[in-house]
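As they're listed, the protein sequences go chains A and B. Following the working numbering, the numbering of the first sequence begins with 156 at its first residue and continues without gaps. Following the working numbering, the numbering of the second sequence begins with -1 at its first residue and continues without gaps. Virtual Cβ for every residue (Gly too), placed ideally from N, Cα, C.
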Amino acid sequence: MAIQVLIPTPLQKFTADQSSVELEATSVDGLLEALEGRFPGILARLTDESGKLRRFLNVYVNSEDIRFLDNQATALADGDEVSIVPAVAGG
Amino acid sequence: MIAVSTSRFQYPTPQVGFNGSFYPALLACTNSCCRALTATLSRSTFTGLRCKECGHPYEASARHVCEDVCFGPLEVVYDYDAIRNRVSRASIEAGPTSIWRYREFLPIEGDPIDVGTGFTPLLKANRLARRLGLRNLYIKNDGVNMPTLSFKDRVVSVALTRARELGFTTVSCASTGNLANSTAAIAAHAGMECCVFIPSDLEMGKVLGTLIYNPTLMAVKGNYDQVNRLCSEVANTYGWGFVNINLRPYYSEGSKTLGYEVIEQLGWQLPDHIVAPLASGSLFTKIRKGFEEFIKVGLVDEKPVRFSGAQAEGCSPIAQAFAEGRDFITPVKPNTIAKSIAIGNPADGPYAIDLANRTKGTIAAVSDQEIIDGIKLLAETEGVFTETAGGTTIAVLKKLVEQGKIDPGETTVAYITGNGLKTTEAVASSVGEPHTIEPQLASFNAAWERAQSLHRASWEPIGA
Chain A
156 MAIQVLIPTP LQKFTADQSS VELEATSVDG LLEALEGRFP GILARLTDES
206 GKLRRFLNVY VNSEDIRFLD NQATALADGD EVSIVPAVAG G
Chain B
-1 MIAVSTSRFQ YPTPQVGFNG SFYPALLACT NSCCRALTAT LSRSTFTGLR
49 CKECGHPYEA SARHVCEDVC FGPLEVVYDY DAIRNRVSRA SIEAGPTSIW
99 RYREFLPIEG DPIDVGTGFT PLLKANRLAR RLGLRNLYIK NDGVNMPTLS
149 FKDRVVSVAL TRARELGFTT VSCASTGNLA NSTAAIAAHA GMECCVFIPS
199 DLEMGKVLGT LIYNPTLMAV KGNYDQVNRL CSEVANTYGW GFVNINLRPY
249 YSEGSKTLGY EVIEQLGWQL PDHIVAPLAS GSLFTKIRKG FEEFIKVGLV
299 DEKPVRFSGA QAEGCSPIAQ AFAEGRDFIT PVKPNTIAKS IAIGNPADGP
349 YAIDLANRTK GTIAAVSDQE IIDGIKLLAE TEGVFTETAG GTTIAVLKKL
399 VEQGKIDPGE TTVAYITGNG LKTTEAVASS VGEPHTIEPQ LASFNAAWER
449 AQSLHRASWE PIGA
């Protein structure tokens, strides 16, 4: 199942400057593995030693924050768009 | 190495790559303009960026997250010995009546964009204090900040000065309203291109107060967190300076001036307790940083200051986490009239919780009705018309006094961050109506009689 993943600028050094990549996965956890498979080293940036997404990183599936879904267990379907966004301040 | 003989200190060796964009021009040009540049360059007191979480160093470029290690937020690193050698109470008092009197504490290299931002009134709020049962209450009124009547003018003045130094010609932001007003206005003054993003449901005053400066304004059908996500993606592909994204380390430093000013305006003393609104949590932590820096360089004597934060119940992820004893934030979807602080996924939330805990402060939330009552209370007792964020702060202040969490004798400062004329919708149905009369004395007499009896009916004693 093809998932479109939007890569933030700080991680594009792993993806040969691509801002968007297509991968196969059925969950967010699976997608993280698939990302590491294609772009070795990227997983250590995204997750801590226990495999949890870093707390200053937000992940959205079709614009919904995965913390409103099933976190890293959130299921993915063909055509979903996943976006990885570092936290920002503002107001 | 840059050293200027008139300077009292030797500028430290810059980090690798720091100021890289300036050196070629300096080396290639012998005009007098560059000698001037050398002189101003030497005034900068910051040496680079550093991850707030893991400490990893970065050069002072347009970046905001620890991309090499942990994605934590980056913050500016200063040479405090240099600052200590250069500033004194007298040198600050002799500076401009704007945030730039504290320029040694701000991350810029050359001349600032000075539109008169900062040095807003610190009001001794005796009538409000009596109403609440306090004795030493002050209102820091950034509702009259320049040029756009909110504290955001502080952060934007710094961000756009730095943006210009880093070579950006277009600036942008994701905003709940006030930041958009400020970015558009100061960009206009500085002659920079501007494209700003807001949620599409903002108050008319905030929308008009941006459009008048003629930026490109994108009203996004979504809440602030969705606007921010979109902007992060735009920032990936457009080479713009986003004040709250890739310029965030510089931008957020502007809020420290709210700490410096209160110290100076209290007669070079720290308060005992501060109450401030919490949106992303950045302002709260930067007021603290401002206090700490003045202690560090010897401008003020150290003493404990309690930090208490205010949120609206309809968007209170930080207050909820605080109440439950969590150190992490569970994002929420905002639903409150306090749109300017409606951030459901606050980036600095964990730091705000830590600060409230460490200083024995608290974080509380109030309802929309309490926010409206807070706006009216401040207006009726002190003549200050604030927006919903200020109403939130006053309502939480009231609540904390009622709960015994503020000692009546404490020198307490409530930070009012925005102006009520921008959010008139919030109070339009709660402020009554004018008495419409004929241009005749009899008509006035009758109306005055009615007004007096209405006034007596709603009158409540102010207390001792």
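Going by alpha carbons, who is nearest to K207 of chain A out of A:A228, A:E179, A:A180, A:D235? For the purposes of this step, residue 207 of chain A is taken as the residue at position 52 of the first sequence. Minimum Cα distance to K207 of chain A is reached at A:A228.
Could you give the uninterrupted runs of the alpha helix (DSSP H) lying entirely in the segment 239 to 301 of chain B, keeping only those of 4 residues or more? 246 to 249, 255 to 263, 280 to 294
Name, please, each residue of chain B whose Cβ falls closer than 9 Å to the Cβ of R200 of chain A. The sequence position of residue 200 of chain A within the first sequence is 45, counting from 1. Residues of chain B passing the Cβ test: E65, D66, V67, C68, F69.
Report the neighbours of P195 of chain A on chain B: residues whose CB is nearer than 7 Å to its CB, in chain order. The count along the first sequence starts at 1 and reaches residue 195 of chain A at position 40. Residues of chain B passing the Cβ test: none, with the nearest at roughly 16 Å.
For the beta strand (DSSP E) containing Q318 of chain B, list its first residue and its last residue. Locating residue 318 of chain B in the second sequence gives position 320, where the first residue counts as 1. No beta strand (DSSP E) contains Q318 of chain B, which is instead part of the alpha helix (DSSP H) from 315 to 321.
Determine whether the beta carbon atoms of L126 of chain B and L375 of chain B lie at a separation below 8 Å. Here residue 126 of chain B refers to the residue found at position 128 of the second sequence. Here residue 375 of chain B refers to the residue found at position 377 of the second sequence. Result yes, Cβ atoms of L126 of chain B and L375 of chain B sit closer than 8 Å.
Taking Cβ positions only, does I243 of chain B come closer than 8 Å to chain A? Looking up residue 243 of chain B in the second sequence gives position 245. Yes, because at least one Cβ of chain A sits closer than 8 Å to the Cβ of I243 of chain B.
Does any residue of chain B bring its CB to less than 8 Å from the CB of V240 of chain A? Locating residue 240 of chain A in the first sequence gives position 85, counting from the first residue. Closer than 8 Å to some Cβ of chain B, the Cβ of V240 of chain A qualifies, so yes.
List, in order along the chain, the chain A residues whose C-beta lies closer than 8 Å to that of Q267 of chain B? As a first step, residue 267 of chain B is located in the second sequence; it is residue number 269 there, counting from the start. Ordered by position in chain A, no residue passes the 8 Å Cβ test against Q267 of chain B, which lies about 29 Å from the chain.
The segment 281 to 301 of chain B / the segment 320 to 337 of chain B touching (three or more Cβ pairs under 8 Å): no
For K207 of chain A, write down the residues that DSSP places opposite it in a beta bridge. As a working mapping, residue 207 of chain A is identified with position 52 in the first sequence. Partner(s): none; K207 of chain A has no beta bridge.
So, at 8 Å on beta carbons, what are the nonlocal neighbours of I111 of chain B in its own chain, with the 5 sequence-adjacent residues on each side left out? Taking the second sequence and counting its residues from 1, one reaches residue 111 of chain B at position 113. Around I111 of chain B: S155, L158, T159, R162, I184, H187, A188.
Should the segment 351 to 366 of chain B be regarded as contacting the segment 258 to 270 of chain B, the criterion being three or more beta carbon pairs within less than 8 Å? no
Per DSSP, what are the beta-bridge partners of L212 of chain A in this structure? Start at 1 with the first residue of the first sequence, and residue 212 of chain A comes out as number 57. According to DSSP, L212 of chain A bridges with A:P241.
Here's the rule I'm using: 16 or more other beta-carbon atoms within 10 Å means buried, otherwise exposed. How should K301 of chain B be labelled? Numbered from 1 along the second sequence, position 303 holds the residue referred to as residue 301 of chain B. Counting Cβ neighbours within 10 Å, K301 of chain B comes out exposed, since fewer than 16 surround it.
Segments of 3+ residues assigned as beta strand (DSSP E) that fall wholly inside the segment 160 to 211 of chain B: 168 to 172, 191 to 197
Got a sec, what are the start and stop residues for the beta strand (DSSP E) A455 of chain B sits in? One-based indexing of the second sequence puts residue 455 of chain B at position 457. Premise fails: A455 of chain B lies in the alpha helix (DSSP H), 439 to 456, not in any beta strand (DSSP E).
Along the chain, where does the beta strand (DSSP E) that runs through A310 of chain B open and close? Against the second sequence, residue 310 of chain B aligns to sequence position 312. 304 to 310 is the span of the beta strand (DSSP E), which, as asked, contains A310 of chain B.
Delimiting residues of the beta strand (DSSP E) encompassing K374 of chain B: As a position in the second sequence, residue 374 of chain B is number 376, starting the count at 1. Unbroken run through K374 of chain B is the alpha helix (DSSP H), 366 to 380; no beta strand (DSSP E).
Integer Cβ distance of L198 of chain A from I239 of chain A, believed to fall under 8 Å: Numbered from its first residue, the first sequence carries residue 198 of chain A at position 43. Numbered from its first residue, the first sequence carries residue 239 of chain A at position 84. Rounded, the Cβ-Cβ distance is 12 Å, inconsistent with contact.
Is D235 of chain A closer than 8 Å to N217 of chain A when the C-beta atoms are compared? Translated into positions along the first sequence, residue 217 of chain A becomes position 62. Translated into positions along the first sequence, residue 235 of chain A becomes position 80. Yes; because the gap between Cβ atoms is below 8 Å, this pair is in contact.
Cβ neighbours of K331 of chain B in the same chain (closer than 6 Å, five flanking residues each side left out): Within the second sequence, numbered from 1, the residue matching residue 331 of chain B stands at position 333. Closer than 6 Å at the Cβ level, and outside the excluded window around K331 of chain B, lie G342.
For F305 of chain B and F282 of chain B, believed in contact at Cβ under 8 Å, the rounded distance: By 1-based counting over the second sequence, the position of residue 282 of chain B is 284. By 1-based counting over the second sequence, the position of residue 305 of chain B is 307. That belief holds up - the Cβ atoms of F282 of chain B and F305 of chain B are roughly 7 Å apart, short of 8 Å.
Give the residues of chain B in contact with L161 of chain A, contact being defined as C-beta atoms less than 7 Å apart. Counting from 1 along the first sequence, the entry for residue 161 of chain A is found at position 6. Simply E231.
For S198 of chain B, which of B:A362, B:N179, B:T421, B:Y222 has the nearest alpha-carbon? The residue labelled residue 198 of chain B in the question sits at position 200 within the second sequence. Answer by Cα proximity: B:Y222.
Does the Cβ-Cβ distance between I158 of chain A and L186 of chain A come in under 8 Å? Sequence index remark: in the first sequence, residue 158 of chain A carries index 3 (1-based). Sequence index remark: in the first sequence, residue 186 of chain A carries index 31 (1-based). Going by C-beta atoms, I158 of chain A is nearer than 8 Å to L186 of chain A.
As a quick exercise: from B:L164, B:A60, B:V142, pick the residue whose alpha carbon is nearest that of E385 of chain B. Taking the first residue of the second sequence as 1, we reach residue 385 of chain B at position 387. With distances taken between Cα atoms, E385 of chain B lies closest to B:V142.
What is the rounded straight-line gap between the Cα of I106 of chain B and the Cα of S96 of chain B? Numbered from its first residue, the second sequence carries residue 106 of chain B at position 108. Numbered from its first residue, the second sequence carries residue 96 of chain B at position 98. Using only the alpha carbons, I get a separation of about 15 Å.
Look up N139 of chain B in the DSSP assignment and say whether it is helix, strand or coil. Taking the second sequence and counting its residues from 1, the one referred to as residue 139 of chain B is at position 141. N139 of chain B falls in the strand class under three-state DSSP.
If we define contact as Cβ-Cβ less than 8 Å, is L24 of chain B a contact residue for chain A? Position 26 of the second sequence, counted from the start, is the residue given in the question as residue 24 of chain B. Here L24 of chain B scores only 35 on pLDDT, less than 50, and its place in the model is too uncertain to base an answer on.
What residues of chain D sit near R227 of chain B, judged by a beta carbon separation below 8 Å? Here chain D cannot be found, since the structure's protein chains are A and B.
Distance, A444 of chain B Cα to R454 of chain B Cα: Taking the first residue of the second sequence as position 1, residue 454 of chain B is located at position 456. Taking the first residue of the second sequence as position 1, residue 444 of chain B is located at position 446. Using only the alpha carbons, I get a separation of about 16 Å.
On the DSSP letters alone, give me the boundaries of the beta strand (DSSP E) that R48 of chain B sits inside. The count along the second sequence starts at 1 and reaches residue 48 of chain B at position 50. Element bounds for R48 of chain B: 44 to 49.
Contact between the segment 50 to 65 of chain B and the segment 234 to 248 of chain B: three or more CB pairs below 8 Å? yes
To which residues of the same chain is G372 of chain B closer than 6 Å at the C-beta, ignoring the five residues directly before and after it? Along the second sequence, read from residue 1 onward, the residue named residue 372 of chain B stands at position 374. The answer, listed in chain order, is G389, I392, A393.
Measure the alpha-carbon distance for K287 of chain B versus L452 of chain B and round it to whole angstroms. The residue you call residue 287 of chain B lines up with position 289 of the second sequence. The residue you call residue 452 of chain B lines up with position 454 of the second sequence. In a straight line, the C-alpha of K287 of chain B is about 48 Å away from that of L452 of chain B.
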